[in-house]
Amino acid sequence: MSLSQGRLSPSFVSGTLAYTASVAHSVSSLIVTPTTNDANATATVNGASATTPVTLAVGRNTVTVHVTAQDGTTTQNYTVTVTRVAALTVALTGPSGTVSGPFTVTATLSSPVVSFVASDVTVVNGQVIGVTGSGTSYAIAVTPVLGQQVSVSLAAGVVSTALGTSNQLSNILQVQAGSPATALATHEDELAGVIRGEAGRELRAGLAADQRMVLAGFQRFMARRQSNAQGVNGFVPFDITGTARYHNGSFRTNGDFFALSTVGGKQWHRVAFGDFDFLSDSLGNSSGHLTARLAYETQFSEDLMLGYYIGADIGKAKVGGTFNGTQNSVGLSFGGYFNRIYNDKLIVSGFASLGQRQHDFDASNNTLAVSSDYRTATGRVGGSVTGFIERGNITIAPELAFHVARTNVHSIPISGTAYGLTNNNLSLDAGRVDLASISFTPRVMLNMADGYMADHSSKFSFAPKITCETVRQATVSKDCGAGMGLGMAISSKTGNTMFQADLEYDDIGGTKRRSLKLLFQHRF
0 MSLSQGRLSP SFVSGTLAYT ASVAHSVSSL IVTPTTNDAN ATATVNGASA
50 TTPVTLAVGR NTVTVHVTAQ DGTTTQNYTV TVTRVAALTV ALTGPSGTVS
100 GPFTVTATLS SPVVSFVASD VTVVNGQVIG VTGSGTSYAI AVTPVLGQQV
150 SVSLAAGVVS TALGTSNQLS NILQVQAGSP ATALATHEDE LAGVIRGEAG
200 RELRAGLAAD QRMVLAGFQR FMARRQSNAQ GVNGFVPFDI TGTARYHNGS
250 FRTNGDFFAL STVGGKQWHR VAFGDFDFLS DSLGNSSGHL TARLAYETQF
300 SEDLMLGYYI GADIGKAKVG GTFNGTQNSV GLSFGGYFNR IYNDKLIVSG
350 FASLGQRQHD FDASNNTLAV SSDYRTATGR VGGSVTGFIE RGNITIAPEL
400 AFHVARTNVH SIPISGTAYG LTNNNLSLDA GRVDLASISF TPRVMLNMAD
450 GYMADHSSKF SFAPKITCET VRQATVSKDC GAGMGLGMAI SSKTGNTMFQ
500 ADLEYDDIGG TKRRSLKLLF QHRF
């Protein structure tokens, strides 16, 4: 008895009735040929002609050979158990993240193979630099082409077992080799947060400048009303106001400066003024902003002052944290403001402004360096209503104020360098920053006409404050809190000399803000 594929074990002997054989997975059928010693004897295989192929399933297959002797009555059965081995499979595994240099792929085979060499591996966008291992496990070392997606696979039939079973096609393992684009994708949330954070600081600095602008305008408005009544010249050649502030481990100083002159008669006043603002924190972030504005104000009526302005500003920031770098910016803005007095008991104030800024941003970490020149658009609106209730030397001035501001950043162009490669055509969507707040401040002021010094008057103030604030960046945060302000002002009876000190404290959503403002002014 013989087999068309495989080999009988043991070798055929008429007295041995059971045999085994193994064939490769590629063998799906075979022919069992029984040979009789007598020409009149007959034999069948699985009940069919001996020339009929036997179909083999994967695994054990039993083949029965039935022999009838020449007398036609004597019979004998022989069995052959044929094992068709399973397919030879190859599973490739490797890095799941981005690689920046040579990496290792592990090939796991379902059965041991007789040979596995580098030429058996197919690599796209890379090169095999070595293969080690034995049996069913091999390590493949691959050098990638940086910036590309590397594909590793084994074609069908390149390795085989001792029985001759060749492998099937392996899975295709894809590994991303490091590129500026993948590095940016990994760090885009951090970078967007850095850019939005600086946009938020610029937005707050602009809001603070607008609020000081309106307040200073109101003070000039009241001074002009008094000057007009007393015939005093309101010309101010130059004035500087400064503020120092401590905020959750951060230091901040800001202030304003202005000069005032009359143009076109006494109806219009030209005001050159500006703001400076510096902020630093424990994370290594610091930013400075200098704003200059030229405004024209008019006393539209006895009780209404209107103003409009054009302005320019420059900013410089140092970025700290997971990314380190700098950002320089310049901006232009324009807007208007007003103060309206009703019966000397109620003041309504408001402002609105629009602006654009050009930014030059550079930052890096251990993997990625980015730079970007981009623009942002900003809009700010605010207003307040303040009442005055006088009781002898005590004045109660409750104030309700609101502020709304937005900076649109959206998609900005990025030039990125990573893994020795540079891509100048990247982009990052930083979204926008929205700020909105509403506050109520029932300020109480004590006026002392004679003060502590001759020819001077004093004013003390106490101002509890309730504020609710919404900030929208990548997420939305809504917080409310309370604060307090203490103030003291001493001025000469002539109005030429004034000293002012203000201490403020706010706690909104666990964020504490403290500020100290000192002002000395003398008109020569």
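Counting in numbering that gives the first Met the number 0, the sequence shown runs from 0 upward without gaps. Heads up, the beta-carbon is just placed ideally off N, CA and C, and yes, glycines get one too. Only a predicted model underlies this, so the values are computations on that prediction, with no experimental measurement involved.
Through-space distance from residue j to residue i, alpha-carbon basis
i	j	result
Val408	Leu445	46 Å
Asn45	Gln167	31 Å
Val120	Thr160	17 Å
Val64	Ala40	13 Å
Arg200	Gly354	15 Å
Asp372	Gly330	13 Å
Leu399	Phe275	26 Å
Pro412	Arg405	21 Å
Asn338	Gly382	10 Å
Gln229	Pro397	Only weak support is given to the placement of Gln229: the predicted model assigns it a pLDDT of 46, under 50, and the question is left unresolved by the model.
Leu172	Phe11	48 Å
Asp428	Thr440	38 Å
Pro463	Asp312	33 Å
Thr61	Val130	40 Å
Ser476	Thr366	31 Å
Gly306	Arg203	22 Å
Gly419	Gln126	19 Å
Thr142	Pro179	18 Å
Thr375	Gln357	7 Å
Ala182	Ser332	36 Å
Ile489	Asn392	15 Å
Gly134	Gly58	21 Å
Val403	Gly334	14 Å
Residue i (DSSP reduced to helix, strand or coil)
i	result
Ile194	helix
Phe209	According to the sequence shown, residue 209 is Asp rather than Phe. Looking at Asp209 - three-state DSSP - the assignment turns out to be helix.
Ser99	coil
Asp428	strand
Pro531	Residue 531 is absent from the model: the chain starts at 0 and stops at 523.
Gly199	helix
Thr416	strand
Ala56	coil
Arg6	coil
His24	coil
Val231	With a pLDDT of only 41 at Val231, under the threshold of 50, the placement of this residue in the model should not be trusted; the figure read from the coordinates follows. Coil at Val231, not helix or strand.
Glu189	helix
Leu16	coil
Asp119	helix
Gly216	helix
Ala86	coil
Ala155	coil
Met447	strand
Met487	strand
Ala351	strand
Met221	helix
Check whether residue i and residue j have beta carbons under 8 Å apart
i	j	result
Ile346	Thr321	no
Met487	Phe461	no
Asp506	Gly482	yes
Ala23	Gly146	no
Gly324	Ala362	yes
Gly349	Tyr341	no
Glu301	His268	no
Ser165	Leu87	yes
Leu153	Ala117	no
Met304	Phe387	no
Glu468	Ser426	no
Phe272	Arg292	yes
Val66	Thr74	yes
Gly508	Arg195	no
Gly319	Asn284	yes
Ala208	Thr290	yes
Distance between beta carbons of residue j and residue i, contact taken as under 8 Å
i	j	result
Thr92	Gly177	About 20 Å; that fails the 8 Å criterion.
Val149	Val174	5 Å
Val79	Val26	At roughly 14 Å, the Cβ-Cβ gap does not stay under 8 Å, so Val79 and Val26 are not in contact.
His288	Gly314	4 Å
Ser1	Thr82	In fact, because the Cβ distance is near 18 Å, the residues do not count as touching under 8 Å.
Pro101	Ala138	The pair is not a contact, with the Cβ atoms about 12 Å apart (cut-off 8 Å).
Ala49	Ala38	Between Ala38 and Ala49 the Cβ distance is about 14 Å, and since that is not below 8 Å, they are no contact.
Val104	Val151	5 Å
Ser352	Arg379	5 Å
Ser8	Thr19	5 Å
Ser28	Val53	6 Å
Val470	Leu434	6 Å
Ser438	Ile465	7 Å
Short CB-CB distance (under 8 Å) between residue i and chain D
i	result
Leu7	The structure shown contains no chain D, having only a single protein chain.
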